[in-house]
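Heads up: the sequence shown begins at 4 in the working numbering, then just goes up one per residue.
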Amino acid sequence: MRMKRVAAVAMMASLALSAAACGKEGTPAPSGGNASGGAQGDTCTTSGATFTPKGDANVAGSPTFDKIKSSGKVTVGVKFDQPNLGYKDAQGKRCGFDIEIAQYVASTLGVDPAKIEYKEIASANRETAIKGGEIDYYVGTYSITDKRKNDISFAGPYFIAGQDLLVRKDETTITGKDTLKGKKVCSATGSTPIQKVRDEGLTEPENIVEFKTYSECVSQLLDKKVDAVTTDDAILKGYAAQNPDELKVAGQPFSTEKYGIGLPKDDKALRDYVNDQIEAAAKDGTWQKIYDGTLGKSGSAGSPPALERY
4 MRMKRVAAVA MMASLALSAA ACGKEGTPAP SGGNASGGAQ GDTCTTSGAT
54 FTPKGDANVA GSPTFDKIKS SGKVTVGVKF DQPNLGYKDA QGKRCGFDIE
104 IAQYVASTLG VDPAKIEYKE IASANRETAI KGGEIDYYVG TYSITDKRKN
154 DISFAGPYFI AGQDLLVRKD ETTITGKDTL KGKKVCSATG STPIQKVRDE
204 GLTEPENIVE FKTYSECVSQ LLDKKVDAVT TDDAILKGYA AQNPDELKVA
254 GQPFSTEKYG IGLPKDDKAL RDYVNDQIEA AAKDGTWQKI YDGTLGKSGS
304 AGSPPALERY
C-alpha cells in the first residue's frame, strides 16, 4: 500500500515551487521557461465528454479567430504539473479539468481538439505569451486580477478556487483554518498559502513546514509527519482524487481565486464569444461532466460559477 501511495505522489513530483500559490502574481513556472507539447493523440478525456467541432463557428471582428481559422489549429498555453487540472499521465497524454476546458473552447471555435498545439508557458511569462501572439488563449489555473487585466483580458470565471486544506481521510479535528492550532501545516517554500498561515497565525511558527514541492508535503501527510497541506483547493482536489481512500479536502476555502481563460486584451469579439461558450457549457451540463470526471474524483462537489464577463 505504501508503494502505491508513494507512486501516486511521485507521479506529480514535478509540482514545484512555481505551482505554489497557483495563479498568484509573479509566480515562476517549474521549468522557468516555455515548452511545447504536440497535440495529435496527446490528450485524454477522463470525463467522457465529447468535443465535436462546431462547423458554424464565426467570431466576426476577431483577429485571433481569423488566425485560428486560417491555420486550422489553435495554440493553447497550459500547465503540466497540476494533478487533475493540467498534467501528463503515464502515457504522456495531457489530462485534467483545464485541459478539457481548453478542448471544449477549441471545439466551439470549429477546431478539432486533436489539432490543439499545447505550450507549457511559465506563469511569469503568461501575459507576454498572450500579448506576443505566441498562444491564442491560456487555460491553467489563471487567477483573474486587475493587474493582469492591464495587459490581457479574461473570459470567465470558469472556476472559483480558494485556499483550503488537504488532510488524511480519517482526520476529524481539522475542519477549516480555525482548527489548525497545534497542527503541523505544510506548503511550498515561499508560497502565498504558507505566508497566509504565518501572517494570520493559524498555527504556531514551529508547526509550519515547508518543502520545495507540494508532492513532498503530500508524502509527509501520508506518512503522518504533518497534519495538513495547504494551497488552492483546485490543486488539493487533484491530490485527493489520486488517493481518495486516504486523503480529503477540508472543504472550507479561506480565500477567493477566480480562474479565467486568458485572451488578447483588445480582442473583445473573441472574449464575448468565449464567455458565451462558457455560459453554454454551464447550462447544458458540459461543465459539470468535465468537473465530475476530473476534479470531482476527489469526492468534493463542484458547480459552475456565475459568469462575470470582464
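All residues carry an ideal CB built from backbone N, CA and C; glycine is no exception.
**Cut-off 8 Å between Cβ atoms - residues of its own chain near glycine 165, not counting five sequence neighbours on either side** = Counted from its first residue, the sequence shown places residue 165 at position 162. The answer, listed in chain order, is Asp235, Asp236, Pro256, Phe257, Ser258, Thr259, Glu260.
**Message:** Considering Cα atoms alone, identify which of Ala117, Thr182, Ser218, Thr192 is closest to glycine 204.
**Reply:** The residue given as residue 204 occupies position 201 in the sequence shown. The shortest C-alpha separation from glycine 204 is found at Thr182.
**Message:** Please report the straight-line C-alpha distance between isoleucine 163 and proline 66, rounded to a whole angstrom.
**Reply:** One-based indexing of the sequence shown puts residue 163 at position 160. One-based indexing of the sequence shown puts residue 66 at position 63. Answer to the nearest angstrom: the Cα atoms are 29 Å apart.
**Prompt:** Should glutamate 219 go down as buried or exposed, given a rule of 16 or more other Cβ atoms within 10 Å for buried?
**Reply:** Counted from its first residue, the sequence shown places residue 219 at position 216. Only buried fits glutamate 219, as 16 or more other CB atoms lie within 10 angstroms of its CB.
**Asked** Counting Cβ pairs, one atom from each stretch, are 3 or more of them under 8 Å apart for the stretch 291-304 and the stretch 141-151?
**Response** No contact exists between the stretch 291-304 and the stretch 141-151.
**Item:** Which listed residue (Thr233, Glu249, Leu239, Lys240) has its alpha carbon closest to that of aspartate 226
**Value:** Numbered from 1 along the sequence shown, position 223 holds the residue referred to as residue 226. For aspartate 226, the closest alpha carbon among the candidates Thr233, Glu249, Leu239, Lys240 is that of Glu249.
**Asked** Within this structure, are the beta carbons of isoleucine 138 and valine 79 separated by less than 8 Å?
**Response** Locating residue 138 in the sequence shown gives position 135, counting from the first residue. Locating residue 79 in the sequence shown gives position 76, counting from the first residue. Between isoleucine 138 and valine 79, the CB-CB gap stays under 8 Å.
**Request:** Buried or exposed for proline 116, please, with buried defined as at least 16 other CB atoms from any protein chain shown within 10 angstroms of its CB.
**Result:** Residue numbering aside, residue 116 sits at position 113 when the sequence shown is read from its first letter. Buried.
**C-alpha gap between proline 56 and glutamine 223, whole angstroms** = Position 53 of the sequence shown, counted from the first residue, corresponds to residue 56. Position 220 of the sequence shown, counted from the first residue, corresponds to residue 223. Distance between the alpha carbons of proline 56 and glutamine 223 is about 44 Å.
**Asked** Should glycine 64 go down as buried or exposed, given a rule of 16 or more other Cβ atoms within 10 Å for buried?
**Response** In the sequence shown, the residue the question calls residue 64 occupies position 61. So glycine 64 ends up on the exposed side.
**Request:** With aspartate 167 as the anchor, note down where its beta strand (DSSP E) starts and where it stops.
**Result:** Counted from its first residue, the sequence shown places residue 167 at position 164. Counting along the chain, the beta strand (DSSP E) containing aspartate 167 begins and ends at 166-171.
**Item:** Buried versus exposed call for arginine 274 [16 or more other C-beta atoms within 10 Å across all chains shown]
**Value:** Residue numbering aside, residue 274 sits at position 271 when the sequence shown is read from its first letter. Buried.
**Message:** Tell me the rounded alpha-carbon separation between glutamate 209 and valine 170.
**Reply:** Within the sequence shown, numbered from 1, the residue matching residue 209 stands at position 206. Within the sequence shown, numbered from 1, the residue matching residue 170 stands at position 167. It is roughly 19 Å from the alpha-carbon of glutamate 209 to the alpha-carbon of valine 170.
**Message:** For serine 146 and isoleucine 264, what's the separation of their Cα atoms in angstroms?
**Reply:** In the sequence shown, the residue the question calls residue 146 occupies position 143. In the sequence shown, the residue the question calls residue 264 occupies position 261. For serine 146 and isoleucine 264, the distance between alpha carbons rounds to 9 Å.
**Asked** Which residue from Asp230, Thr192, Ser194, Tyr161 puts its Cα closest to that of threonine 176?
**Response** On the sequence shown, position 173 is the one that residue 176 refers to. Minimum Cα distance to threonine 176 is reached at Asp230.
**Request:** Would you list, in sequence order, the uninterrupted beta strand (DSSP E) runs of no fewer than 3 residues that lie entirely inside the stretch 216-268?
**Result:** Whole beta strand (DSSP E) segments, 3+ residues: 231-235, 250-252, 260-267.
**Message:** Looking only at its chain, what residues have a beta carbon closer than 7 Å to the beta carbon of threonine 297, apart from the 5 residues adjacent to it on each side?
**Reply:** Along the sequence shown, one-based indexing puts residue 297 at 294. The beta carbon of threonine 297 sits closer than 7 Å to those of Thr49, Ser50, Asn87, Gly99, Phe100, Glu103, all from its chain and outside the five residues before and after it, given in chain order.
**Item:** Cβ-based burial, proline 307 [other Cβ within 10 Å; buried from 16]
**Value:** The count along the sequence shown starts at 1 and reaches residue 307 at position 304. By the 10 Å Cβ count, proline 307 comes out buried.
**Request:** Could you tell me how far apart the beta carbons of lysine 251 and alanine 243 are, in whole angstroms, since I believe they sit closer than 8 Å?
**Result:** To locate residue 251, count along the sequence shown from 1; it is residue 248. To locate residue 243, count along the sequence shown from 1; it is residue 240. By a beta-carbon distance limit of 8 Å, lysine 251 contacts alanine 243. Their separation comes to about 6 Å.
**Asked** From threonine 46 to phenylalanine 83, what distance separates their C-alpha atoms?
**Response** The count along the sequence shown starts at 1 and reaches residue 46 at position 43. The count along the sequence shown starts at 1 and reaches residue 83 at position 80. Threonine 46 and phenylalanine 83 have their C-alpha atoms roughly 12 Å apart.
**Message:** For a test of the three-state rule: what should DSSP assign to isoleucine 367, helix, strand or coil?
**Reply:** The chain is shown from 4 up to 313; residue 367 falls before or after that span and cannot be answered.
**Request:** State the start and end residues of the unbroken beta strand (DSSP E) segment that holds tyrosine 107.
**Result:** One-based indexing of the sequence shown puts residue 107 at position 104. Segment 100-111 is the alpha helix (DSSP H) holding tyrosine 107; no beta strand (DSSP E) there.
**Request:** Please determine, among Lys292, Gly185, Val188, Asp167, the residue with the shortest C-alpha to C-alpha distance to glycine 179.
**Result:** Here residue 179 is taken as the residue at index 176 of the sequence shown, counted from 1. Relative to the Cα of glycine 179, the nearest Cα in the group Lys292, Gly185, Val188, Asp167 belongs to Asp167.
**Message:** Does glutamate 311 come out as helix, strand or coil in the three-state DSSP assignment?
**Reply:** Sequence index remark: in the sequence shown, residue 311 carries index 308 (1-based). Coil at glutamate 311, not helix or strand.
**Message:** Does tyrosine 312 pass the burial test, meaning 16 or more other C-beta atoms within 10 Å, or should it be called exposed?
**Reply:** Within the sequence shown, the letter at position 309 stands for residue 312. For clarity, residue 312 is arginine in the given sequence; the question names tyrosine instead. Around the beta carbon of arginine 312, fewer than 16 other beta carbons lie within 10 angstroms, which makes this residue exposed.
**Request:** Grab me the residues of aspartate 287's own chain with a C-beta within less than 6 Å of its C-beta, minus the 5 sequence neighbours each way, in chain order.
**Result:** The residue labelled residue 287 in the question sits at position 284 within the sequence shown. Nothing meets the Cβ criterion.
**Message:** Ignoring anything shorter than 4 residues, give me the alpha helix (DSSP H) runs that lie fully in the stretch 116-195, in order along the chain.
**Reply:** With a minimum length of 4 residues, the continuous alpha helix (DSSP H) runs that stay inside the stretch 116-195 are 129-134.
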